[in-house]
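Chemist: After the structure tokens below, expect a handful of questions from me.
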Amino acid sequence: FREYCRGLLRRAQLSTRVIVVGLHYLNRLCTSAPKYSSQHGFERHLLTTSLLLGMKYHEDVSYNNSAWNKMSGIPVSILNALEMKFLETLEFDLYFSEVDYQLWIQ
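Counting from 13, one number per residue, gives the positions in the sequence shown under our numbering.
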């Protein structure tokens with residue numbers, strides 16, 4: 013999993029802010045729906061989807077799901093489904109205040 017993370021972060025060239033926002037979303041997902049965090053072998057999918065959403069929320073220009081497919085090896089159809097499930101679980105609330113961001117990076 014570590015090698016996957018290194019490779020994905022190297023290929024995606026994400027800003028620190030996008031990574032922190034993505035990890036915040038991942039934490040919220042795992043807190044809201046613990047069943048996702050307990051599924052062995054699903055870590056890559058969850059990490060990729062959280063970073064995908066972090067980039068889409070934070071950046072004016074972001075990669076589309078086809079680009080994420082090329083970087084992650086996860087099929088576009090699965091990325092699309094995971095993105096929607098992620099958003100539904102978070103009740104489409106992706107707001108992450110500057111105060112919360114500062115707390116996360118301390």
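Just so it is clear, CB atoms sit at the ideal spot from N, CA and C, and this is done for glycine as well. All values derive from a computational prediction rather than experimental measurement.
Can you give me the Cβ contacts of L38 inside the same chain, cut-off strictly under 7 Å, excluding the 5 residues immediately before and after it?
Modeler: As a position in the sequence shown, residue 38 is number 26, starting the count at 1. The answer, listed in chain order, is L58, L59, S62.
Chemist: Can you look up I119 in the DSSP assignment and give me helix, strand or coil?
Modeler: What the structure shows of the chain is the stretch from 13 to 118, and residue 119 is not part of that stretch, so it cannot be assessed.
Chemist: With 16 as the cutoff for other CB atoms within 10 Å, does G85 come out buried or exposed?
Modeler: Working through the sequence shown from its first residue, we reach residue 85 at position 73. Classification of G85: exposed, given that the 10 Å Cβ count is below 16.
Chemist: Put E126 into one of helix, strand or coil per three-state DSSP.
Modeler: Residue coverage of the chain in this structure runs from 13 to 118, which leaves residue 126 outside it and unanswerable.
Chemist: Between G53 and Q118, what straight-line distance do the alpha-carbon atoms span, to the nearest angstrom?
Modeler: The sequence position of residue 53 within the sequence shown is 41, counting from 1. The sequence position of residue 118 within the sequence shown is 106, counting from 1. For G53 and Q118, the distance between alpha carbons rounds to 30 Å.
Chemist: How would you label A24, buried or exposed, when you count the other beta carbons within 10 angstroms and need 16 or more for buried?
Modeler: As a working mapping, residue 24 is identified with position 12 in the sequence shown. Label assigned to A24: buried.
Chemist: For S44, which residues of its own chain have a beta-carbon under 6 Å away from its beta-carbon, when the five flanking residues on both sides are left out?
Modeler: Counted from its first residue, the sequence shown places residue 44 at position 32. Cβ neighbours of S44 beyond the five flanking positions: T101.
Chemist: Do you know offhand how far R14's Cα is from K68's?
Modeler: Taking the first residue of the sequence shown as position 1, residue 14 is located at position 2. Taking the first residue of the sequence shown as position 1, residue 68 is located at position 56. Their backbone Cα atoms lie some 24 Å apart in a straight line.
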